[in-house]
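Here's the structure we're looking at; comments come further down.
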Amino acid sequence: MANVGLLFVGAVLFMNGLLLLGKVDARSAAVFNLFVGALQVLTPTYLIFTANGDQDTILAASGIYLFGFTYLYVGIVLLAGIDNICVGYYSLFVAIVALGYSFVNFHLFKDYPFGVIWLYWAFLWALFFVVLGLKRTELNTYVGWVTAIEGWVTGVIPAAMLLSGYWKHTTEIAIALGAFGVVVFAALWPLTRSRQPTRAGPAAGSVSAPT
Numbered sequence: 706m707a708n709v710g711l712l713f714v715g716a717v718l719f720m721n722g723l724l725l726l727g728k729v730d731a732r733s734a735a736v737f738n739l740f741v742g743a744l745q746v747l748t749p750t751y752l753i754f755t756a757n758g759d760q761d762t763i764l765a766a767s768g769i770y771l772f773g774f775t776y777l778y779v780g781i782v783l784l785a786g787i788d789n790i791c792v793g794y795y796s797l798f799v800a801i802v803a804l805g806y807s808f809v810n811f812h813l814f815k816d817y818p819f820g821v822i823w824l825y826w827a828f829l830w831a832l833f834f835v836v837l838g839l840k841r842t843e844l845n846t847y848v849g850w851v852t853a854i855e856g857w858v859t860g861v862i863p864a865a866m867l868l869s870g871y872w873k874h875t876t877e878i879a880i881a882l883g884a885f886g887v888v889v890f891a892a893l894w895p896l897t898r899s900r901q902p903t904r905a906g907p908a909a910g911s912v913s914a915p916t
């Protein structure tokens, strides 16, 4: 069930990346954020209630709420047209907590790909804090591209591989993910800094827990 949610997290990250790049309408993006946010709140609730007290399952599911609340928050802010600074500071909270979930995936679950993916999410939500909380809108283009790319790399592709049974050779996947993130996001920085900033819009992140 979490893997299905991960697929749609990839979709909402892609949409929010396009929002930051000024390619989609904010109110239209808000509706999709609400859809995915609701899914990402219902999913961990179901997983926790059916966990029969299994602490690892509960721990893994709990992280999904971080992102479900982000999407709901973003959807409401966009529709209401209110200031998004609180979304930015909530994103700082998510970025810090995501580091803890990365540690858990590396050391407790031994799920190395998701250990790396949680680092991706920590980086992304830290960027949301900078853009929304600190109002550094000149970084919108960079953050927009990072968000859209993470939608595919941390959401759509892993979900498709997990659902189809191709999530194998996890150590190699983790190394590939780490190398890809460092190279691509570093290369994007000089390429996007020369561009004029686009309009600001709350982006929202991603999600989900290890299998």
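Under the working numbering, the residue at position 69 of the sequence shown is numbered 774, and the numbers go up by one with no gaps.
Virtual Cβ for every residue (Gly too), placed ideally from N, Cα, C.
The structure displayed is predicted, hence computed values, not measured ones.
Item: How many angstroms separate the CA atom of Leu844 from the CA atom of Pro749?; Value: 32 Å
Item: Could you pull out every residue in the same chain whose Cβ sits closer than 6 Å to the Cβ of Ala879, ignoring the five residues on either side in sequence?; Value: Tyr817, Pro818, Val821
Item: Is DSSP giving Asp816 helix, strand or coil here?; Value: coil
Item: On the three-pair Cβ rule with 8 Å, is the region 840 to 857 touching the region 715 to 735?; Value: yes
Item: Leaving out five residues on either side along the sequence, give the residues of the same chain with a beta carbon under 7 Å from the beta carbon of Met866.; Value: Trp872
Item: For Arg898, count neighbouring Cβ atoms within 10 angstroms of its own Cβ and tell me buried if that reaches 16, exposed if not.; Value: exposed
Item: Which of the three DSSP states, helix, strand or coil, is assigned to Thr755?; Value: coil
Item: Is it true that the CB of Ser807 sits closer than 8 Å to the CB of Trp830?; Value: no
Item: Give the straight-line distance between the Cα atoms of Asn708 and Gln745, rounded to the nearest whole angstrom.; Value: 11 Å
Item: When burial is assigned at 16 or more other CB atoms within 10 Å of the CB, is Thr846 buried or exposed?; Value: buried
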